[in-house]
Amino acid sequence: VVTSSSGNAGASTAAYAARAGLECYVFVPASVPKDKLTQIRMYGAQVVQVGGQFSNAYHVAREIS
């Protein structure tokens with residue numbers, strides 16, 4: 028599973044992916060608060076921080092998927 032997020036959606040996606048036994052990659056802008064990153068990682072997702080705004084993270088995630 029590949030997604031982009033600035034926090035809550037990434038944590039939700041990571042939780043559902045973990046429940047389904049799927050790998051999850053969440054692309055986030057570098058400015059995402061550490062507590063949001065912790066939430067995402069709690070479910071075993073790989074977090075990829077992308078420089079710039081959310082749109083940059085979205086475009087990188089889209090290219091990867």
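Residue numbering for the sequence shown follows the working numbering, starting at 28 and increasing by one per position. Using N, Cα and C, we set each Cβ at its ideal position, and we do this for glycine too. Since the structure is predicted, the reported quantities are computational estimates derived from the model, not experimental observations.
Given a cut-off of 8 Å, decide if residue j and residue i are closer than it, judged by their beta-carbon atoms.
{"i": "Gly37", "j": "Val53", "result": "yes"}
{"i": "Gln73", "j": "Pro56", "result": "no"}
{"i": "Val29", "j": "Ser92", "result": "yes"}
Going by C-alpha to C-alpha distance, which of the options sits closest to residue i?
{"i": "Glu50", "options": "Ser31, Val87, Val59, Tyr70", "result": "Tyr70"}
{"i": "Ser58", "options": "Ser92, Gln66, Ser33, Val87", "result": "Ser33"}
{"i": "Tyr43", "options": "Lys61, Pro60, Asp62, Arg68", "result": "Arg68"}
{"i": "Pro60", "options": "Arg89, Glu90, Ala88, Asn35", "result": "Asn35"}
So residue i packs on residue j, CB below 8 Å; how close in whole Å?
{"i": "Pro39", "j": "Tyr85", "result": "It should be noted that the sequence gives Ser, not Pro, for residue 39. Going by Cβ atoms, the distance from Ser39 to Tyr85 rounds to 16 Å, so no, they are not a contact pair."}
Determine which residues share a DSSP beta bridge with residue i and list them.
{"i": "Ser82", "result": "None, per the DSSP bridge assignment."}
{"i": "Val3", "result": "No answer is possible for residue 3: it lies beyond the span of the chain, which begins at 28 and ends at 92."}
Every unbroken beta strand (DSSP E) inside the stretch 49-79 [3 residues or more]: Taken in chain order, the whole beta strand (DSSP E) runs of length 3 or more contained in the stretch 49-79 are 52-56, 73-77.
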